[in-house]
Amino acid sequence: MNQIKKTVKLLRRSPYQALAAALAMSLTFFVSSIFIILIIGGQIVLNYIEQRPEVIVFFKDEANQTEIDDLTEKVRSTGLTKEIKFVSKEEALAIYRERNKDDPLLLESVTADFLPRSIDISVNRAADIKQITDLAQASEHVDKVITPENLVEQLVKWTKTIRLGGLVFVSTLLSVSFLIIIMVIGMRIAIRREEVSIMSLVGATKWYIARPFFIEGALYGILGASISVFLIYVLLLFYSPQIQNFLGDIRVFPINPLFFLYLWAAEALAAALVGIIGAAIALYRYLKIR
Amino acid sequence: MLEFIAVSKQFPDGQVALDDINLKIEGSDFVFITGPSGAGKSTLLRLITKELVPSSGQVLFNEDDIAKIPENKLHILRRRIGTVFQDFKLLLSRTVFENVALSLEVLKRSDSEIEKEVSEALEKVGILEKADYFPAQLSGGEVQRTAIARAIVSKPEVLLADEPTGDLDPKTAEQVVELLEKINKEGTTVLMATHNSAIVNKFKKRVVHLKKGKIEKDQKEGKYEPD
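Chains as they are written, first to last, in the numbering used here: chain F, 358 to 647; chain A, 878 to 1104.
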């Protein structure tokens, strides 16, 4: 504890270098947090879709009600469905209006005639989706069948892109943070060269001399990660209504506060490690004890 | 306690600082290492702390070859040797107390031990009342006393003083050497490099005179007459 107090005292003597190092770290971990949240969010959406085995069958305009009822009955008779709900053109318009109520331009141009009739089929098991889809697609009155597989495929593709982009972006920022830590600690060593030489001559061990620099590196990391998680918390709190609105039925808010605690712990640990490794490189490069 | 056996030191630029030095120093000795600038006085002291290693020969400390002490054990040797540097090497941003405490901090002493032992050392060198001053606020003699206090606070077996009176007026220089003599009488071996003949001649101690890296004279109660 005494050593941490001494390190903090040293940081206060040259606050601008300390600020630069901590801010570089916070930027790196802020961007990392965004990607982590996007990846976790993507996974939540994926799970939601996978847990709701639903098939939507859209009919051609020329299909009459008897033909629709026939297919509905055929699907029901398989015994694989939980619920089948018919959506008329008027109901489709009502749903469309509800979803686009904030955009009058989209509402003006659309009437019930534009929208297809459909049946929403809830399936008992996700494994049965294919059988229902095949059955619906075999009918000449069916225009299009939407299954969760299409959405899942699309989402997986997006998640992979986000992961790859995140990896590249975060790696670049991490390299910049490393270089800044090495530079700042290198400057500290240069400033304290005389002190280091005196300490060595009065019998300090190498570890005793190097320890404050390691603590300094770790402190930059922990400070940077803390700033990053705080910013993420504030942003999510501020934009939660908009995000929830975008996600519709998929409930993600309120986020469990433990999530932020775990995020902070993981990032602080990773950032401290970055700081310590950066300090080790700087010490190896610049600390010449005789 | 300290023994130089056929020690030579040549620097990479070819300059020979010490040439075939054979010297034995017993525990509790007080030795003046004299000679003009460039005679090899500082080099001889720096071989004892392993700031330098000999080109040939051996420097033994309690029969251990100093050059063979590994880097990770060097601090053990240095904790047994106190050093007063020619340029004091005090940290200007630390107070007198903090400068002296540095020697004990590296030994991981507790705060209460540091408080007690630093106060004792400052009292011994006569500057306890200046404990909270910064080096820039002290006179030359007080700066040198601070450096001595830092060197003796950890109670070393040997005290090396490299030109400790170099920038001091004669009276203050005499007081500083009196202080070193007092420390020596308490059992610490003292090696003092100097070219101050007045001091050497007044204190009548063993004198090892160096000239161009060689021992020219080694006298028990010697005198020093500059060339």
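Built from N, CA and C at the ideal position, the CB exists for glycine as well.
query = From which residue to which residue does the alpha helix (DSSP H) around A/A1024 run?
reply = G1017 to I1029
task = Go to A/E1055, then tell me how far its beta strand (DSSP E) extends in each direction, as first and last residue.
result = First-last for A/E1055: P1047 to K1062, but that is the alpha helix (DSSP H), not the beta strand (DSSP E).
query = According to the neighbour-count rule (16 or more other Cβ atoms, all chains shown, within 10 Å of its Cβ), is F/N481 buried or exposed?
reply = exposed
key: Cross-chain neighbours of A/T926 in chain F, by beta carbon under 8 Å   = Against chain F, a Cβ distance below 8 Å from A/T926 picks out L558.
Own chain residues within Cβ distance below 7 Å of F/M544, not counting five before or after = Excluding sequence neighbours, F/M544 sits near Q374.
inquiry  = Within the continuous beta strand (DSSP E) that includes F/T562, where are the two ends?
reply    = Neither: F/T562 is in no beta strand (DSSP E) and is coded neither H nor E.
query = So A/K1091 and A/D897 are in contact, right, with Cβ under 8 Å, and what is the actual spacing, rounded?
reply = 7 Å
message = Out of F/G398, F/L428 and F/I638, which one is the CA nearest neighbour of F/L492?
response = Answer by Cα proximity: F/L428.
query = Three-state secondary structure (DSSP) at A/R1083?
reply = Here A/R1083 sits in strand by DSSP.
ask   = What is the rounded straight-line gap between the Cα of F/A420 and the Cα of F/A449?
value = Separation of F/A420 and F/A449 (C-alpha to C-alpha, rounded to the nearest whole angstrom) is 16 Å.
message = Helix, strand or coil, according to DSSP, for F/F526 in the structure here?
response = helix
ask   = With a cut-off of 8 Å, does the C-beta of F/I555 fall near any C-beta of chain A?
value = Interface flag for F/I555 against chain A is set, since a Cβ pair is found closer than 8 Å.
message = Just to confirm the assignment, what range does the beta strand (DSSP E) spanning F/I612 have?
response = Careful: F/I612 lies outside any beta strand (DSSP E) and carries neither H nor E.
key: Positions along the region 533-557 of chain F whose CB lies within less than 8 Å of some CB in chain A   = E551, E552, S554, I555, M556 and S557
task = Pull up the distance between the alpha-carbon of A/R986 and that of F/F526, whole angstroms please.
result = 47 Å
task = Taking F/E510 as the reference, give the member of F/I361, F/N404 and F/F443 with the closest Cα.
result = Residue nearest to F/E510 within the set F/I361, F/N404 and F/F443 is F/N404 (criterion: CA-CA distance).
task = Measure the alpha-carbon distance for F/S390 versus F/S383 and round it to whole angstroms.
result = Distance between the alpha carbons of F/S390 and F/S383 is about 10 Å.
message = At a cut-off of 7 Å, would you count F/P569 as near the ligand ATP, judging by its Cβ distance to the nearest heavy atom?
response = Annotation note on the ligand ATP: not contained in the displayed structure, which lists no ligands.
query = Just the Cα atoms here: how many angstroms apart are F/V513 and F/N602?
reply = Counting only the Cα atoms, F/N602 lies some 22 Å from F/V513.
query = Just curious, the alpha helix (DSSP H) that F/K487 is in, first and last residue?
reply = In the DSSP assignment, F/K487 falls within the alpha helix (DSSP H) that extends over I486 to Q494.
key: Minimum length 3: unbroken beta strand (DSSP E) runs contained in the region 388-423 of chain F   = The beta strand (DSSP E) runs lying completely inside the region 388-423 of chain F and spanning 3 residues or more are 411-416, given in chain order.
message = Could you compute how far the alpha carbon of A/D1044 sits from the alpha carbon of A/F965?
response = 11 Å
task = Determine the closest residue to A/G934 out of A/I943, A/E928 and A/K1001, with distance taken between C-alpha atoms.
result = Per the Cα distances, A/I943.
ask   = Which residues of chain F have a Cβ atom closer than 7 Å to the Cβ of A/V936, listed in chain order?
value = The premise fails here: A/V936 is roughly 16 Å from chain F at the closest Cβ pair, so nothing lies under 7 Å.
query = Mind listing which residues of the region 625-637 of chain F have their C-beta closer than 7 Å to chain A's C-betas, in chain order?
reply = none
request  = Under the assumption that A/I902 contacts A/L1037 (Cβ atoms under 8 Å), give the Cβ distance between them as a whole number of angstroms.
outcome  = The pair is not a contact, with the Cβ atoms about 11 Å apart (cut-off 8 Å).
request  = Tell me, to the nearest whole angstrom, how far the beta carbon of A/T1042 is from that of A/V1030; I am working on the premise that it is less than 8 Å.
outcome  = About 21 Å; that fails the 8 Å criterion.
query = So A/N899 is in the beta strand (DSSP E); what residue range does that whole segment cover?
reply = V893 to I902
query = By the 10 Å Cβ neighbour count, where 16 or more other Cβ atoms means buried, how is A/T920 classified, buried or exposed?
reply = buried
ask   = By the 10 Å Cβ neighbour count, where 16 or more other Cβ atoms means buried, how is F/P410 classified, buried or exposed?
value = Buried, by the Cβ-count rule.
inquiry  = I'd like to know if A/T920 contacts chain F, where contact means its C-beta is closer than 8 Å to some C-beta of that chain.
reply    = no
query = Between the C-alpha atoms of F/I566 and F/V631, what's the straight-line distance to the nearest angstrom?
reply = 20 Å
ask   = Where do the N-terminal and C-terminal ends of the beta strand (DSSP E) with F/S475 fall, by residue?
value = Its beta strand (DSSP E) spans residues S475 to V480.
task = Jot down the residue ranges of each uninterrupted alpha helix (DSSP H) in the region 968-1014 of chain A, minimum 4 residues, whole runs only, in chain order.
result = Residue ranges of uninterrupted alpha helix (DSSP H) with 4 or more members, entirely inside the region 968-1014 of chain A and ordered along the chain, are 973-982 and 988-1002.
query = Mind checking if A/T960 is an interface residue toward chain F, Cβ cutoff 8 Å exclusive?
reply = Yes, A/T960 lies at the interface with chain F (some Cβ there is under 8 Å from its Cβ).
request  = Kindly indicate which three-state DSSP category A/V930 falls into: helix, strand or coil?
outcome  = The answer is coil: DSSP assigns A/V930 none of H, G, I, E or B.
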